[in-house]
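**Q** Whatever position you read off the sequence shown (first residue = 1), add 436 for this note's numbering. First the structure, which I've put down as C-alpha cells, then a few questions once you've had a look.
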Amino acid sequence: MIEYIKGELTELTPAAAVVECNGIGYGINISLNTYSAIQGKKDVKLFIYEAIREDAHVLYGFFSKQERELFLLLISVSGIGGNTARMILSALTPAELCNVISSGNDKLLKTVKGIGLKTAQRIIVDLKDKINAMGIESSITASGNSAAATTNYSEVYEEAVAALTMLGFAQAPSQKVVSAILKEDPALPVEKVIKMALKML
C-alpha cells in the first residue's frame with residue numbers, strides 16, 4: 437500500500453495533480469482543499485488512498501493526514517464512493533465538515549451535489565461519534581490565495597469549468613454558473629469560484 441507520494445508537482449488542476457517521483461508521474465485525484473494547500477509549490481508530499489477496482493486503479497491524494505482520515509470515514513458510509521467523498525471535501529474544509537457532522541447540520545451537508553437528505557443524515561449518524569473520538573482540531577489554514585489572486589479572469593474561468601466537468605457536472609451549466617460568479621466578482625480565486633459553483637449547480 438502507498439502511504440504517501442513525495443516529489444515534484446509537474447501538473448496541477450483544481451481536481452487533479454501529477455507528482456513526479458523517481459521518473460514516474462503519478463496522476464492523483466485531489467480535493468479543492470488540497471489544491472489550495474499545494475498551489476504554487478514545486479515539491480509536494482501527498483498522503484494517498486488507493487482505490488483498486490476491476491476496471492481502474494485510482495489514487496486519491498491529500499495534503500494532510502487529517503483530510504485523508506475524513507475521506508476514509510466518508511467512504512465507510514454506505515452509498516458514499518470516492519468521488520462523492522472528494523466532492524464533499526471540495527465543498528467543505530475538514531474543519532467545516534467536522535463541525536457540520538458534530539452539530540448534526542444535515543441541511544448544509546445536503547447542499548453538496550449528490551447528497552440527498554437521507555444520505556446526509558446517514559453520514560451524521562454513522563460518523564458523529566467517530567469524529568468526536570478523533571478530536572479533529574479546526575486548525576486548517578487557507579493558503580494559496582495570494583498566488584490565485586494574480587491569475588487572470590479567463591484562466592480562472594477555464595480552470596473552474598474544467599474542474600467542475602471533472603467532478604461530474606455537465607459543461608454548459610458549469611460555464612453558465614462560473615460566468616455568473618465571475619461577473620459578480622472577477623477577482624475571486626479559482627477555488628472560491630468552484631466552491632460557490634458547487635453550491636449553485
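Ideal Cβ positions, reconstructed from N, Cα and C, are used throughout, including at glycine.
Helix, strand or coil for Phe605, going by three-state DSSP, please let me know.
**A** Here Phe605 sits in coil by DSSP.
**Q** Who pairs with Asn465 in a beta bridge, going by DSSP?
**A** Ala452 and Tyr496, per the DSSP bridge assignment.
**Q** So, using beta-carbon positions, are Val536 and Leu545 closer together than 8 Å?
**A** Their beta carbons are under 8 Å apart, which means Val536 touches Leu545 by this criterion.
**Q** Under 8 Å by Cβ, that's how I've got Ser610 and Leu637 pegged, so tell me the actual separation to the nearest angstrom.
**A** With 8 Å as the limit, Ser610 and Leu637 qualify as a contact, their Cβ atoms being about 7 Å apart.
**Q** In terms of residues, what are the limits of the alpha helix (DSSP H) holding Lys501?
**A** Counting along the chain, the alpha helix (DSSP H) containing Lys501 begins and ends at Lys501 to Ile511.
**Q** Determine, using beta-carbon pairs with one atom in the region 558 to 571 and one in the region 592 to 599, whether at least three such pairs fall under 8 Å.
**A** These segments do not touch.
**Q** Look at the alpha carbon of Glu620 and the alpha carbon of Ile630, and state the distance between them as a whole number of angstroms.
**A** So the alpha carbons of these two residues sit roughly 14 Å apart.
**Q** Let me confirm a value: Asn469 is counted as buried when at least 16 other C-beta atoms fall within 10 Å, else exposed. Which label applies?
**A** Asn469 comes out buried.
**Q** Here's the rule I'm using: 16 or more other beta-carbon atoms within 10 Å means buried, otherwise exposed. How should Leu553 be labelled?
**A** So Leu553 counts as exposed.
**Q** Per DSSP, what kind of secondary structure is Leu528 in: helix, strand or coil?
**A** In the structure shown, Leu528 sits in coil (DSSP, three-state: anything other than H, G, I, E or B).
**Q** Please report how far the alpha carbon of Gly518 lies from the alpha carbon of Arg489, in whole angstroms.
**A** Each residue's alpha carbon lies about 11 Å from the other.
**Q** Could you tell me which residues DSSP puts in a beta bridge with Val480?
**A** According to DSSP, Val480 bridges with Gly443.
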